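To start, the structure itself, in C-alpha cells.
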Amino acid sequence: MPKLNVPEAKTSGSAALIHIEALSLHYGASKALKDISLTLGERVVTAFIGPSGCGKSTLLRCLNRMNDLIDNVRIEGGVKIGGHNIYSSDVDVIELRKRVGMVFQKSNPFPKSIYENVAYGLRLHSSQNKSELDGVVEQSLRSAALWDEVKDRLHSSALGLSGGQQQRLCIARAIAIKPEIILMDEPASALDPLATARIEELILELKKDFTIVIVTHNMQQAARISDFTAFFYIGELIEFDSTTKIFTNPAKKQTEDYVTGRFG
Amino acid sequence: MSARKHFRAEKFDFTSFFFTGLTGLATLFILAILAVILLNILINGWSSLSWHFVSTIPKKDFFDANTTGVLPMIVGTTIRVFVMTIFVLPVGVITAIYLTEYAPNNSLVTKFIRAAVNNLAGVPSIVFGLFGLGFFINFVGKNIDTILHNPSAVWGQPALIWASLTLAIMTMPVVIVATEESLKAIPPGLREASLALGATKLETILRVVLPQALPGIMTGGILAVSRAAGEVAPILFTGVAYYMASLPHHVTDQFMDLGYHVFVLSTQSPNIEQTRPILYATVLVLLMLTFALNIVAIVIRARVRKKLRALG
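Respectively, the protein sequence lines represent chains L and E. The first sequence runs contiguously to residue 587 in this note's numbering. The second sequence runs contiguously to residue 328 in this note's numbering.
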C-alpha cells in the first residue's frame, strides 16, 4: 500500500489516516456493525467506547482484517488506510498487518523467551542478523517502558512476567515491526490500577510515533488518554468528536447518558 | 452449643457410604487383576530370565530351555515399533493439522473424514493384517518388484517394512486424535498474536502451534507404541517369521517377534511342561520391552515439556 496524500480530517488537527466508509458487518444473519463512517487522524489516540456488544471491538478488528479469521462474516463498505481500500482484492493481508499492529485484551505472549517474543515479527519479515535484532529488541522494549525491568533476563520465559509486564511485552512485540497504526483492544482491562497507569503513560508516549486506536470499557481511561472518542451503541456510531467535547458537552442524549454513567 | 448442634449430621449417611465403598471396590478389583497377572508372570518368568536368554539367537529347535534365547525377537519387535513410529507420526500429525487448522468446520467432508478416522480405530487388528497382505505385499510390493525388474520377489513378500506400515495404519487414529486434542487446546490468543504480527497461517502453525502441541503429539506416539508393541495379528501375514537363523538386515527381510513367539511357544511346543519356563520368560521380556519403550517416550516428552516451560 503506497502512502498517498491524504485529505485533512474535518474533525482533527492532524492528517487523516484511516477512513471508514459506510462499513457494515454481518455475523451470519445478525448485523453487528451498521453503516459506520468515521475518519481517524494520524498520530492521535482515538478511543472507541460503548456498552458491551456495541461493536467497538468488531470495528477495531476490521482495521487489520482480523475478522477474516471468523467464519460467516460478511463486510460491506470499506476501510481506507492512507487512501487505499484494505478490503480490495489486491491487498496483501500480511503487509496490512505489518502496518497495522494489534494488542489484545488478554496479554498473549508466546511461550518463548522475552527476546524471542519481541524478535518474532522481525524474524518473520526480514532476515536480520543478530546485532540488528539485538538493537531492535532493545529499542522496542525501551519504547514499551519494559527494558529496565527485563534487560537482565531477556532469555528467560515471557510467561514469568507479571500481567502488566506481559502486556507491555505485547506492545513491544507489536512496535518491533514498526507499524504505523496500533490497535488496542481493552489493553488494560485485566490489569491492576498501577499496571493500568503504566500502560496509559505508555500510550501517551507512543502517540508521538504511532496512530493509536483503543477500545476501552473504562471511560476515565478514554478521557485521560484519547484525543478523539467515538461512542457506539448496538452496532451504530452515535457520536464522534474530540474527547473533551464527548465528555463535557456531547451532542446526543445517549452519549451523555452513557458517559455520565446512567447506563452501560 | 445448641447452635452448633444444628450442623451436626443426625443420621449415618448410608447412601454416601455405600457408593464410596462401591467405587473403591471396583478400583480394587481392577488393581487386583493387574497384580495377579504381573506377579504371576514375574514370579514364574524371573527364574528363567538370564543374560544368555536375552542375548542368544536360538537354534531351529527353540523349545529347549537350556539353549534357547530371544535376541532376534527383541530386535524384531523393537525395530518394527520404531519403523512404525517413523511413519505414523508425520502422517498422523499432518492429518490432524489439516483437520483442525485447514478443513472447513462442520462441512460434510470434514465430518466424513472424522467418522472414517474413528471407524479405523474400531477395525479388528486381524483385518489390518489382511489389508496389509492385500495392499502392501500383493499390490505395492509386487508392483515395486515389477518396476525394478527383480527376478524374484524382494518387496512382494512379507517383510519388516510391510508389517511396520500395517501397524502404522492401525495406530494412525490414536495419533490423529491425540494431536487434534493438543492442537485444539492451544489458546486462540496465541494464533491471533502471531497472525496480527503478519505471520501467515503456515508460519503460525510451524512457529507457535506445533511447538506447543509437541507434548500432546508425543502422548499420541506413546499410545501408538504401547498398542503396537504387543500386537500380533497385523504382522501375522505381513512380516513375522516362525524362525530365522539371523537378525534382519534390510527392511525387506522378515523378522521374529516377541508376541508371535509367545503364540508359537504356547501352541507349537512338543513338550508343554518343558516349554513353560521359556514361555513365562518370553512374556516377561515382552512386558519389559513394552514398558521400556514407553519409558523412553515418556522421558523424551518430559524433557520437551520442561524445555517448553523454561523458554522456547
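All C-beta atoms in this analysis are idealised placements derived from N, C-alpha and C, irrespective of residue type, glycine included. Everything numeric in this text was worked out from a predicted model, so none of it was measured.
Following the DSSP letters along the chain, one finds L:Y438 in no beta strand (DSSP E) but inside the alpha helix (DSSP H) bounded by residues 437-448. If you check each beta-carbon in the segment 230-249 of chain E against every beta-carbon of chain L, none falls closer than 7 Å. Along the segment 406-419 of chain L, going in chain order, the ones with a CB nearer than 9 Å to a CB of chain E are V416, I417, E418, L419. In this structure, the CA atom of E:L38 is about 40 Å from the CA atom of E:H277. For E:L47, the enclosing alpha helix (DSSP H) starts and ends at 30-62. Restricting attention to L:I557, L:P434, L:R521, L:L506, the CA atom closest to the CA of L:I535 is found in L:L506. DSSP places L:K354 within a strand segment (E or B) once states are collapsed to three. Each of L:K421, L:E559, L:A467 was checked against the Cα of L:I437, and the nearest Cα belongs to L:A467.
Residue state for L:A511 is assigned as coil, using DSSP reduced to three classes. Looking only at L:R465, L:Q577, L:T539, L:P510, the smallest Cα-Cα distance to L:G486 is reached by L:P510. Going by DSSP, L:D471 is part of the alpha helix (DSSP H) stretching over 470-473. Shortest Cα-Cα distance from E:A201 to any of E:I192, E:A209, E:V225, E:L213 involves E:V225.
About 4 Å separates the beta carbons of E:L274 and E:M89, which is inside the 8 Å limit, making them a contact pair. Rounded to the nearest whole angstrom, the CA to CA distance from E:T306 to L:A513 is 48 Å.
The three-state secondary structure of L:S360, taken from DSSP, is strand.
The Cβ of L:F371 sits no closer than 8 Å to any Cβ of chain E. Below the 9 Å Cβ cutoff, chain E contributes G205, E208, A209, A212 as neighbours of L:F427, in chain order. Less than 8 Å divides the Cβ of E:F279 from the Cβ of E:V248. DSSP, read as helix, strand or coil, puts L:D550 in coil. Using a CB distance cut-off of 8 Å, L:G584 does not count as an interface residue toward chain E. In this structure, DSSP gives L:V416 a helical state, which the three-state scheme calls helix.
Within the segment 274-310 of chain E, no run of beta strand (DSSP E) at least 3 residues long lies entirely inside it.
One Cα belongs to L:T583, the other to L:I561, and the distance between them is close to 15 Å.
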